[in-house]
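Take 309 as the starting number for the sequence shown in the numbering used here and just add one per residue.
For every residue, glycine included, the Cβ atom is placed at its ideal position computed from N, Cα and C.
Down below is the structure, laid out as structure tokens.
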Amino acid sequence: MRLLSQTFRSQKLPISSPEVSKSSSSSTKVPTLTIKSEPETKKWCVYLIISSNPPIKTYVGVTLDFDRRLKQHNGEIKGGAKATRAGRPWICACKIHGFKNQSQACEFESKWKEICRKMSHMRKEEVDDQTLRLLKQRQRALGKVKGLFDCTQFEFDWELDPF
């Protein structure tokens, strides 16, 4: 009986090891390890967008590439969230940068959404403009989220400031 491994030989690629360079200045010739640095990776971003056509709504999300993601929400390229199909085009209200990883960004996004859902809505008599009312509600919720996180490394970029 013949083994499959004999019939179908696999060709394994050799494992590349980091470059080892020898230091010429030392007399003991101790090899030193040189690790090539990878190009800077994109940082995670939490964003708030608002629809510019009825029904006026807001949407909070997380992404590595905000420009691409906004095009997806606006239907220019595939992949936008189903919740953003109505009310197109969407415009950026706020971007928050400085998250260490996806987990931290998603946790921040989740808390922002959760607090906003639980908050009481402003009365229509207080603010006539629905867009302004929604932005103020999201900003109030964001203020509460800031109390739950160490926001010293975050950069808050309000493009549509409700105040």
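- Counting C-beta atoms within 10 angstroms of its own C-beta, G387 has fewer than 16 neighbours from the protein chains shown and is therefore classed as exposed.
- The C-alpha of L372 lies about 5 angstroms from the C-alpha of W352.
- Taking 8 angstroms as the cut-off, the beta carbon of G369 is found closer than this to the beta carbon of A389.
- Taking 8 angstroms as the cut-off, the Cβ atoms of C402 and W466 count as close.
- In this structure, I385 sits away from Q438, with a CB-CB distance that is not shorter than 8 angstroms.
- By DSSP's assignment, F464 forms a beta bridge with I404.
- Counting only the Cα atoms, G455 lies some 17 angstroms from V354.
- Pairing A413 with A394, the inter-Cα distance amounts to about 25 angstroms.
- A Cβ-Cβ distance of about 14 angstroms is found for the pair L378 and T366, leaving them out of contact under the 8 angstroms criterion.
- Boundaries of the beta strand (DSSP E) harbouring T366: 366-371, taken from the DSSP string.
- DSSP lists T371, H405 as the beta-bridge partner residues of C353.
- L468 places its beta carbon 8 angstroms or farther from that of L442.
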